[in-house]
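A short worksheet on the structure shown next.
Numbering (our numbering), first residue to last: 1 to 201.
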């Protein structure tokens, strides 16, 4: 499976990096590193604190979107909503693998899948994250009610990602290309979701 292959490559990468330092310290900010993912090697180039924060925040943000799209496969009634959800999942799963690889190469901890899930309206540094209450409401909904709630919450979720990625584009280094791709794809998907929402009864 792809995830297994990525894991094996990342383990090998970390083992190789650890040989360069007796203490396994993270590469200093500004150093270059190469990360191998399912789609091939990606040179991260020089990186800074913004890059680390972006990947650390965006991984659980993406994972939450993947969780939402998983619900859509069985709870949605609209074929268009299901297709959009599948598209979002297809985009964001490889991006999670890429960002996880970067953090491992930089000697930074990779967030757990449930990181940043809160039951408060204050999400801290990463905008757009759904609360546990909102996730519970989404999981309990089915049919047209799910379609409407999914679109509403995913628009909010995407808007948070676009805000964070826009900042990374201007202040980051290694993540600029990925941040730009997220801004482009998710801005287009926000427009698509708003159009779908307008069509719902």
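Glycine residues also receive a C-beta, built at the ideal position from the N, C-alpha and C atoms.
Could you say which of the options lies nearest to residue i if we only look at CA atoms?
i           : options           : result
residue 198 : 81, 63, 99, 164   : 81
residue 75  : 140, 164, 107     : 140
residue 93  : 154, 63, 131, 173 : 63
residue 108 : 167, 50, 192      : 50
residue 56  : 146, 161, 46      : 161
residue 131 : 52, 47, 48, 65    : 65
residue 46  : 157, 78, 175      : 175
residue 195 : 155, 96, 142      : 155
residue 157 : 103, 95, 135, 52  : 135
residue 102 : 189, 180, 159, 52 : 52
residue 152 : 112, 105, 191     : 191
residue 54  : 167, 77, 129, 150 : 167
In this structure, how does DSSP classify residue i when only helix, strand and coil are distinguished?
i           : result
residue 94  : helix
residue 108 : coil
residue 47  : coil
residue 192 : helix
residue 175 : coil
residue 201 : coil
residue 154 : helix
residue 142 : coil
residue 65  : helix
residue 78  : coil
residue 58  : helix
residue 99  : helix
Can you tell me whether residue i is buried or exposed? The criterion is at least 16 other CB atoms within 10 Å of its CB, across all chains shown.
i           : result
residue 163 : exposed
residue 11  : Residue confidence is low: residue 11 scores 34 on pLDDT, short of 50, so the model does not pin down where it sits. No coordinate-derived value is stated.
residue 97  : buried
residue 165 : buried
residue 105 : buried
residue 118 : Any reading at residue 118 needs caution, since the residue's pLDDT is 46, under 50, leaving its predicted position unreliable; the model's value is listed next. Exposed: under 16 other Cβ atoms inside 10 Å.
residue 78  : buried
Output yes or no for whether 8 Å exceeds the beta carbon distance between residue i and residue j.
i           : j           : result
residue 144 : residue 201 : yes
residue 138 : residue 193 : no
residue 171 : residue 183 : no
residue 58  : residue 99  : yes
residue 85  : residue 73  : yes
residue 48  : residue 185 : no
residue 91  : residue 178 : no
residue 180 : residue 159 : no
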